[in-house]
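Asks: Residue numbers (my numbering), protein chains in the order written: chain A, 1371 to 1677; chain B, 8 to 551. For glycine and all other residues, C-beta sits at the position ideal for the given N, C-alpha and C. First the structure, then my questions, so here it is.
Structure, rendered in structure tokens:
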């Protein structure tokens, strides 16, 4: 187990370097960001040169990358164009997005798995067909439509929620955005769980458990569900990374000042430091989430051993 | 039907959860932090650059500076006329040497007196190359600028030799050329005075800016909110009529608009294009749409021989006549833009140099004449024009497509015009700076100060800062120089208009439309207006 984790952690290093290098190059390909700083006019050459020097943009790309990575390892993620250190931006953005992600993941786990179990146990019944249709609709409707629709209905027409999230972004305010963010994944989780449950329901160990005379809820939770959750856990694990980085649309609609918003603004302003910094952290989150998922397999299925 | 079902289901799920966590969410509580002090909330965007007077060149930061600073002059929010604010008088005998007397009794909100030194220090800071100020070029007219801010290499002086403090409340300005309307430019935020605190502890100042305007910053959380409160001891006569303003950063102007409709926000000063159709229904007379000092044009790459040979002015004129401006402003912009008939803006007023119809026939839609002119001029270079624009902000794609459509129809050629989107604004500016344009491109100009000079010199003077097309014309340059030397304002305006006629005769850029400022507000507010810079006049807004 320990060796396995170490090996996985070592594998992360090339992935990490490769991913950051790619992002760094991609943002650089977009051209010189200084030109966008002076509005609809040319920056005067002296100031532009000075700014370029200050942000290290006058050096060759490989050297910029080396300097940047060197700084990252000392905890310095550079400075955004508005003079704010990127770490400060992260300090405000990540807690918000993490809260949003937690809400979304909770929705996926609670609602998704419950619906999956219910439909998996009642295959072909009206409940099953109904939920199936519903998930189809959710999957096919783009997030921004769901988001805007809920915002309009709940926020403006019925006045149940505030259409925009305040800058504190407390958990209570993030429920609807979290639901919107989770909606598509939630539908997938439901379907995955349903298929898995339906398949395993006919397996020998379930029959044995029932024959032993175990109560129904124990059969379902201890035997059936635990074995059926492996694909679902994989999905949810990788989804954590996707939710954190992919909240751009939801965050814009609901005015959430999180990672997605900072990334969006960083890309618009071609702010290498912001974009690379945030993506670097997201890459880390993704890698760690994947590792945790792999370790969880062993917990769910004792037959799986890591050596 | 399924969509409706889905919404209902989702709404129910949300409702259950809301009830369960008892967050309530009651949408109608105003959200703006108590009405007793008469504080209003207003939409905001994160300022792009650090919030310093000489470093702010966009509206969002400009909004704040407008509230916390007062300069020597202030532009009248209605007429745009430059009126003395902190200046008791600005004297000159030769349009080159000015003596400024600062009014007595002004202080910064931290109690420090506003003196001549406050101005001179601030301007020296703004001009100095090492401070990276984006608006440094505003000080380029002052003598000694080339030493403090050389085009290349390091600076050989730290202060402008043209500025001299001659007394606690007086200082002199020496310009490096005659510029009669120079005093009228001093209302621009870059010329604001700065307190000692700005230089002593710069980081602290940036966290909580201190100025001398009707408001003071109470609380500033970068990237999310700034709370400004009325400064009770403000010595000026334009005191704030409300208790304060909470500027809230919105990720999207659509969200801000939705928040206004839901009653959680009081003022939105940028109504999204997609909502223009509903805005009358949603807000009624709480929607304002007034001219702002912004003109949109199509500029041409004069560094490209195809666009700079004899006869190509006919092609440009032909293209201009092929654009049905009226139809586009009506349908795409819902009348938030007005077809342009000159190269300035209506906010200048006729006395200030705005001359409707100066463009004449060349700005009227006339398909026949357009076809004829393009043919006479040797046809379109390469058989097709591509209009380059940045696709990330505004609704540029829509109007560029409409303009192309109009050109194609007028010239009877489906391939005459096509849009050429560029991903980001920065990249777009890059390609312009690197002279990579091969055809007409979007050029917008938002005035810095309401003077005809500002609509012509920076845009069309040889090598001027915003002369993106690198157009150069001796006659135009000569007329501008002449106008800048004329002390009589009416005379100067006339000369500037002659220069504008040179622009017209060469069709150096195609004027498209004048842009309006738009804003919507809640029923708690009254007396809401936009100034010529399309910024709400916050200090005059009444709450309750």
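What distance in whole Å lies between the Cβ atoms of residue 326 of chain B and residue 378 of chain B, which are believed to be in contact at a cut-off of 8 Å?
Replies: The pair is not a contact, with the Cβ atoms about 11 Å apart (cut-off 8 Å).
Asks: Select from the segment 1390–1424 of chain A all residues with a C-beta closer than 9 Å to any C-beta belonging to chain B, and list them in chain order.
Replies: 1400, 1401, 1402, 1403, 1404, 1405, 1406, 1407, 1408, 1409, 1410, 1411, 1412, 1413, 1414, 1415, 1416, 1417, 1418, 1419, 1420, 1421, 1424
Asks: According to DSSP, is residue 186 of chain B helix, strand or coil?
Replies: coil
Asks: Going by DSSP in three states, residue 37 of chain B sits in which element: helix, strand or coil?
Replies: Note that residue 37 of chain B has pLDDT 37, beneath the 50 cutoff, so the model's placement of it is unreliable and the number below is only indicative. Of the three classes helix, strand and coil, the one that applies to residue 37 of chain B here is coil, per DSSP.
Asks: May I ask you to report which of helix, strand or coil DSSP gives residue 236 of chain B?
Replies: Shown here, residue 236 of chain B sits in a strand according to DSSP, grouped into three states.
Asks: Can you tell me which of A/1631, A/1560, A/1434, A/1389 puts its alpha carbon nearest to the alpha carbon of residue 1498 of chain A?
Replies: Checking every option, the nearest Cα to that of residue 1498 of chain A belongs to A/1560.
Asks: Quick one, which residues of the segment 1455–1479 of chain A are near chain B if we go by CB-CB under 8 Å, in chain order?
Replies: 1458, 1459, 1462
Asks: Span of the beta strand (DSSP E) holding residue 227 of chain B?
Replies: DSSP places residue 227 of chain B in the uninterrupted beta strand (DSSP E) bounded by 222–228.
Asks: Is the shortest distance between the beta-carbon of residue 1453 of chain A and the beta-carbons of chain B less than 7 Å?
Replies: With a threshold of 7 Å between beta carbons, residue 1453 of chain A makes contact with chain B.
Asks: List the DSSP bridge partners of residue 427 of chain B.
Replies: B/395
Asks: With 16 as the cutoff for other CB atoms within 10 Å, does residue 146 of chain B come out buried or exposed?
Replies: That one is buried.
Asks: Distance cutoff 7 Å, beta carbons only. Does residue 156 of chain B sit that close to anything in chain A?
Replies: yes
Asks: Using the beta-carbon of each residue, which ones in chain B are nearer than 8 Å to residue 1627 of chain A?
Replies: Chain B residues near residue 1627 of chain A: 230, 231, 256, 258.
Asks: Does any residue of chain A have a CB that is nearer than 7 Å to the CB of residue 431 of chain B?
Replies: Taking Cβ atoms only, chain A reaches closer than 7 Å to residue 431 of chain B, which makes this a yes.
Asks: Hey, residue 237 of chain B and residue 220 of chain B: beta-carbon distance below 7 Å or not?
Replies: no
Asks: Measuring CA to CA, which of A/1604, A/1589, A/1393, A/1478 is closest to residue 1434 of chain A?
Replies: Cα-wise, what sits closest to residue 1434 of chain A is A/1393.
Asks: Is residue 452 of chain B close to the ligand COA? I mean its beta-carbon at under 6 Å from any heavy atom of the ligand.
Replies: Looking at this structure, you won't find the ligand COA or any other ligand, since it has none at all.
Asks: Where does residue 477 of chain B fall in DSSP's three states?
Replies: coil
Asks: Would a check of beta-carbon distances place residue 1643 of chain A closer than 7 Å to chain B?
Replies: no
Asks: Could you tell me whether any Cβ in chain B is nearer than 7 Å to the Cβ of residue 1532 of chain A?
Replies: yes
Asks: Closest by CA to residue 388 of chain B, which one among B/158, B/338, B/69, B/312?
Replies: B/312
Asks: Report yes if the C-beta distance between residue 194 of chain B and residue 456 of chain B is below 7 Å; otherwise report no.
Replies: yes
Asks: If I measure Cβ to Cβ from residue 41 of chain B and keep anything under 8 Å in the same chain, skipping five residues before and after, which residues do I get?
Replies: In this prediction, residue 41 of chain B has a pLDDT of 38, which is less than 50 and means its spatial position is unreliable; what the coordinates show is noted afterwards. Nothing meets the Cβ criterion.
Asks: Taking the C-alpha atoms as reference points, what is the distance between residue 1511 of chain A and residue 518 of chain B?
Replies: 42 Å
Asks: Could you spell out the range, first to last residue, of the beta strand (DSSP E) harbouring residue 553 of chain B?
Replies: In this structure chain B extends from 8 to 551, so residue 553 of chain B is not present and cannot be described.
Asks: Residue 320 of chain B by DSSP, collapsed to three states: which one?
Replies: Residue 320 of chain B: helix per DSSP, three-state reduction.
Asks: For residue 280 of chain B, which residues in the same chain have their Cβ closer than 6 Å to its Cβ, ignoring the five residues on either side in sequence?
Replies: 402
Asks: With distances taken Cα to Cα, identify the nearest neighbour of residue 235 of chain B among B/116, B/242, B/133.
Replies: Selected option, being the one with the closest Cα: B/116.
Asks: By the three-class DSSP mapping on this structure, what secondary structure does residue 152 of chain B have?
Replies: Correct three-state label for residue 152 of chain B: helix.
Asks: Quick one: is residue 271 of chain B near chain A, going by C-beta distance under 7 Å?
Replies: So, interface residue.
Asks: Pull out every residue of the segment 466–489 of chain B whose Cβ sits closer than 8 Å to any Cβ of chain A, in chain order.
Replies: 472, 473, 475
Asks: Are any of the Cβ atoms in chain A nearer than 7 Å to that of residue 56 of chain B?
Replies: yes
Asks: Assign residue 334 of chain B to one of three DSSP states: helix, strand, or coil.
Replies: If DSSP states are grouped into helix, strand and coil, residue 334 of chain B belongs with the helices.
Asks: Strictly under 7 Å for the Cβ-Cβ distance: is residue 1558 of chain A near chain B by that measure?
Replies: No, its Cβ sits nowhere closer than 7 Å to a Cβ of chain B.
Asks: Using a C-beta to C-beta distance shorter than 7 Å, which residues of chain A count as neighbours of residue 491 of chain B?
Replies: Simply none; closest approach about 20 Å.
Asks: State the CB to CB distance for the pair residue 1460 of chain A and residue 1647 of chain A, rounded to an integer number of angstroms; the pair is presumed to be in contact (CB under 8 Å).
Replies: 7 Å
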